[in-house]
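Engineer: What follows is a single structure, and I will ask about it in a moment.
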Amino acid sequence: MSTIINNGQKISNVTVDNYQEVISSGGIGEFQTVQNNGEIVIRNGGILIETDGKNNWITQTNGKIVVENGGLLSGGHVQSGGTYFVSAGGITTSISIGDGGIYQGASGAILNGVSKIRSGGTLSGGTVTDYAALVVSAGGSSIDTTIASAGGLGVAGIAKNTIVQSGGVIEVTSGGLADASNIQGGGKLDVDSNGSINNIVVSSGGLISAASDAKISGVNIIQSGSILSGGTVTAYAAVSISSGGTSFNTIIGSNGGIGLAGTASGTLINSGGVLEITSGGIANNSNVSNGGVIYADSNSNIGSTTISSGGWVSVASTAIISGIITILDGGSASIWNNAGGTIDLTGNTNNGLTISGLESGGTVSTVISGWSGSQPGNSDSIDLPGVSADGASYAYPSDDQVVVTLKNGNTITLNIPGVKNTGFVLSDDGHGGASAEVCFLSGSQIQTPFGRALVEDLAVEDEIVAHINGIETIRRVTWAGQARCNVRAHLPDDEAGYPVRILKDAIADGVPFKDMLITAEHCLFFDGQFVPARMLVNGRSIFFDKSITSYDYYHIETEDHSVIMADGMLTESYLDTGNRRAFSQKGNIVSIGGSRNLTWDDAAVPLTVSRETVEPLFRKIESHADKAGFAIQAEARPLTNDSDLHLTTDAGAIIRPARQNNGRVMFMIPAGVESVRIVSNASRPCDVIGPFVDDRRSLGVLVGEITLFESNRKHALTDHLHDTQLSGWNNVEEGTMRWTSGNAQLPLGKRTPGTIGLMAIEVRAAGPYVLDETISEHQALKA
């Protein structure tokens, strides 16, 4: 039996039980229930709706609603045993699929509004249209669904075989899984913390953006022009990045792997994980943990990489090293002599580097930095397979190059900064090759009445020459101390502990008379004043020597603070400002007790850090470097004016600006958010302007007034101007504004429950900022 509703007819509050109801052109049905093999068919122009919160219920086995081409089902809920059948051209809006309910749609079926698949419900087929959304709850599933431009799919359950078209988005929340899906050009897949993806294909222009602990399983393909950002590749899973594809900040877990023919940046390879860079692939800023491996195949490119103890990098012949590979003590790298780039050996007993291809001599194009140690057997070493140490002789064409002539007449040339000072010697490695080691070290030479003495050889009661008002005066050493520095590379150069290298003749001809190495805060004497070495670093004749990451340094103290001469350069003796306990004393003990706790008021001459004094001195030394032809040792870093200002919530959500007007940046603040952090790029004035500016604060944006609007209420936020304990802020200026450090806490005060707020932040100043690789990659992702 069939009931037909059309031509302006309307039917309400009917239970369709074991018969068919047909709603066609002009017909309207509302508040219907279908059960016991009942069926409602909605055809061209027919409409079935729900209002006032009522639903179309399908409550028992075999109840169904059929939406044919041109039919519209608005609202409704299908549960256990019930089914929606939607043909191509059929439309459903804001439907709900409960436990045991089924949506079965053709590929051209249309899903409008916000449709929900609850636990136990299943949706098959259909297209989520522009500005519509499909929500799959935990326990629910969707299959063979298409997400059209500006459509969205939120997955806490399972979504399989989903196609995401340009402008469409899948968001996989905690516990959710997107399986066997295709992200087309312009489509996006967001994976939240603890979300999972499996067997995903990303076409050109597609993007996967994943939290660091989001799980990537199965075999995933990142095609040319597409991007993977974040995520963790799980055990026995793989990611294949095609030529032209890109990944950022992805973690490779145990037994996981990435095959890279495109570009990868910021990859972390954990124990058991493998990154294989195939021909044409480029990996940069990688970190290899204990048990992790990178294979750089022939014709691949490996950039800056850090290898932790137990990690291993293998660079094939014809592969290129384009950055700095830092081998931490216990890490290993095997390269060929034609790899290029730089290997940095940290510590003084690093034996993790193997260089192949030198059996018949040759030139190692790679720069070996960090070459150090105290003597053969207690130094860095390099394994040279197939090279015999027997009868080798050595020559030093420059301070930074050694030529080894083998017994058979073949020569090996290596580029090692400072090798002439440290020395180089081959010894038998015990397995048919040679091991290269440090031969000797030399230190700063201090002027004494009897000539020059090495600073490390001076002891209490020795005499040195002090310069008092231009007159040489003999003074007695009253204390000599030694300390150890291990560079903390994550800090800015001047705070990390890198020594400052002042090249021979950097100040004037013969000043200094050899390369001088001092700590960043050590002071040099100019025109009656002391100036910290860090404020004169110009990247040419004076620079931070990053090849040295661990070293001993020495101080000598005289009865009164003195101007002394080291390496032909006037500098300072030790001034005990309270840090003597950081040193171990050398020689005989002549005094017992605490430090003298002197200040710069007790110094031989005044200390100056004022820009007015230091910048002219800096420019003079810089001009001398230009005229003398000193090579550039460290390129000036480019700047950007983009602050990338945004907010983050305590839950980690990012809030981007809604608009900007008249110096104020507007943000929409969701209900329930009680505190945010003001996040932006940040740089130090000494890095942006020059080291002659003694301002080492990290400056983000200069914030003035902050106003929060909600529920017709305007509320001024002033904690940032009064609370000195707020994290991420610098000092308050003029009582009305304050610089962030790039990540500043901001409490929002008492919020109106359930309301969205509009916050206006007055930005008085911002930038410029040093443009590093992290900022560049982030801006590329934003674009």
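For the sequence shown, full-length UniProt numbering assigns the number 1 to the initial residue and increments by one for each residue that follows. A virtual CB, placed ideally from N, CA and C, is assigned to each residue, including glycine.
Between the alpha carbons of ILE632 and GLY256, how many angstroms are there, rounded?
Structural biologist: 41 Å
Engineer: Which same chain residues end up closer than 8 Å to SER547 when comparing Cβ atoms and leaving out the 5 residues on each side of it in sequence?
Structural biologist: For SER547, where only same-chain residues beyond five positions count, the Cβ hits under 8 Å are ASP344, SER369, GLY370, TRP371, PRO417, GLY418.
Engineer: What's the call for ASN220, buried or exposed, on a 16-neighbour Cβ count within 10 Å?
Structural biologist: buried
Engineer: Are the stretch 216-230 and the stretch 246-261 in contact at 8 Å, needing three or more beta carbon pairs?
Structural biologist: yes
Engineer: Give a yes or no on whether the C-beta atoms belonging to ILE91 and LEU72 are separated by under 7 Å.
Structural biologist: Cβ atoms of ILE91 and LEU72: closer than 7 Å.
Engineer: Beta strand (DSSP E) containing GLY532: first to last residue?
Structural biologist: Looking at the sequence itself, residue 532 is Pro, so the reference to Gly does not match. PRO532 -> beta strand (DSSP E) spans 529-532.
Engineer: Do the CB positions of VAL233 and ILE208 come within less than 7 Å of each other?
Structural biologist: For the pair VAL233 and ILE208, the CB atoms are not nearer than the 7 Å cut-off.
Engineer: Distance check for ARG475 and GLU456, CA to CA, integer angstroms please.
Structural biologist: 18 Å
Engineer: Measure how close the beta-carbons of ALA283 and ALA264 come, nearest whole angstrom, since I'm counting them as under 8 Å.
Structural biologist: 5 Å
Engineer: If contact is defined by three or more beta carbon pairs under 8 Å, each pair taking one atom from either stretch, is the stretch 302-316 in contact with the stretch 522-542?
Structural biologist: no
Engineer: If you count every other CB in all the chains shown that lies within 10 Å of the CB of THR318, and 16 or more means buried, which is it?
Structural biologist: Answer is exposed; the Cβ neighbour count stays below 16.
Engineer: Use the C-beta contact count for HIS490: other C-beta atoms within 10 angstroms, 16 or more gives buried, fewer gives exposed.
Structural biologist: exposed
Engineer: Do PHE525 and LEU570 have their C-beta atoms closer together than 7 Å?
Structural biologist: yes
Engineer: Out of GLY105, ASP130, TYR103, GLY100, which one is the CA nearest neighbour of ASN112?
Structural biologist: Selected option, being the one with the closest Cα: ASP130.
Engineer: Judging by CA-CA distance, which residue of ASN712, SER711, LEU702, HIS715 is the nearest neighbour of TRP729?
Structural biologist: LEU702
Engineer: If you drop the 5 nearest sequence neighbours on each side, which residues of the same chain put their C-beta closer than 6 Å to that of SER24?
Structural biologist: ASN6, ARG43, GLY46
Engineer: For ALA634, I'd like the list of residues in its chain whose CB is within less than 6 Å of its CB, leaving aside the five on either flank, ordered along the chain.
Structural biologist: GLY539, PHE543
Engineer: Are the Cβ atoms of SER181 and ILE200 separated by less than 7 Å?
Structural biologist: yes
Engineer: CB-CB under 8 Å to ALA138, same chain, minus the five flanking residues each way: which ones, in chain order?
Structural biologist: Taken in chain order, the residues that qualify are SER119, ALA156, GLY157, GLY175, GLY176.
Engineer: Determine the contact status of CYS686 and ARG696, defining contact as a CB-CB distance below 7 Å.
Structural biologist: Cβ atoms of CYS686 and ARG696: closer than 7 Å.
Engineer: In terms of residues, what are the limits of the beta strand (DSSP E) holding residue 792?
Structural biologist: Because the chain is modelled from 1 through 783, residue 792 falls outside the range shown and cannot be assessed.
Engineer: Which residues mark the beginning and the end of the beta strand (DSSP E) in which LEU353 is found?
Structural biologist: Start and end: 353-356.
Engineer: Could you tell me the alpha carbon to alpha carbon distance between LYS586 and THR305, rounded to whole angstroms?
Structural biologist: Note on LYS586: pLDDT 47, under 50, position unreliable in the model; no value is reported.
Engineer: What distance in whole Å lies between the Cβ atoms of ALA109 and ALA132, which are believed to be in contact at a cut-off of 8 Å?
Structural biologist: Not a contact, Cβ separation roughly 12 Å.
Engineer: Is DSSP giving ARG619 helix, strand or coil here?
Structural biologist: helix
Engineer: Starting from PRO747, follow its DSSP beta bridges and name the residues at the other end.
Structural biologist: SER675
Engineer: Taking the beta strand (DSSP E) that ALA210 falls in, what are its first and last residues?
Structural biologist: Per DSSP, ALA210 belongs to the beta strand (DSSP E) from 207-210.
Engineer: With H, G and I counted as helix, E and B as strand and the rest as coil, what does DSSP make of ALA716?
Structural biologist: strand
Engineer: Evaluate GLN375 with the Cβ neighbour count: other Cβ atoms within 10 Å of its Cβ, from every protein chain shown; 16 or more gives buried, anything less gives exposed.
Structural biologist: At GLN375, the pLDDT of 49 sits below 50, so the modelled position is not reliable and the matter cannot be decided from this model.
Engineer: Taking the C-alpha atoms as reference points, what is the distance between residue 788 and ARG637?
Structural biologist: Any question about residue 788 goes unanswered here, given that the chain covers just 1 to 783.
Engineer: Below 8 Å, how does it come out for the stretch 317-335 and the stretch 288-307: are there three or more Cβ pairs, yes or no?
Structural biologist: With the rule of 3 Cβ pairs closer than 8 Å, the stretch 317-335 counts as touching the stretch 288-307.
Engineer: So what's THR173 in DSSP terms, helix, strand or just coil?
Structural biologist: coil
Engineer: Excluding the 5 residues preceding and the 5 following GLY593 in the sequence, name in chain order all residues of the same chain whose CB lies nearer than 8 Å to its CB.
Structural biologist: Because the pLDDT at GLY593 is just 28, under 50, the model does not fix this residue reliably, and the value given afterwards should be weighed accordingly. If we look at GLY593 and ignore the five residues flanking it on each side, it has no Cβ neighbours.
Engineer: Between which residues of its own chain and VAL477 is the CB-CB distance below 8 Å, once the five residues before and five after are set aside?
Structural biologist: Closer than 8 Å at Cβ, skipping near neighbours: LEU458, ALA459, VAL460, GLU461, ASP462, GLU463, ILE464, ILE556, GLU557, THR558.
Engineer: Could you check the C-alpha separation between VAL239 and ILE277 for me, to the nearest Å?
Structural biologist: Each residue's CA atom was taken as its position, placing VAL239 and ILE277 some 12 Å apart.
Engineer: Within 10 angstroms of the Cβ of PRO499, are there 16 or more other Cβ atoms? Answer buried if so, exposed if not.
Structural biologist: So PRO499 counts as buried.
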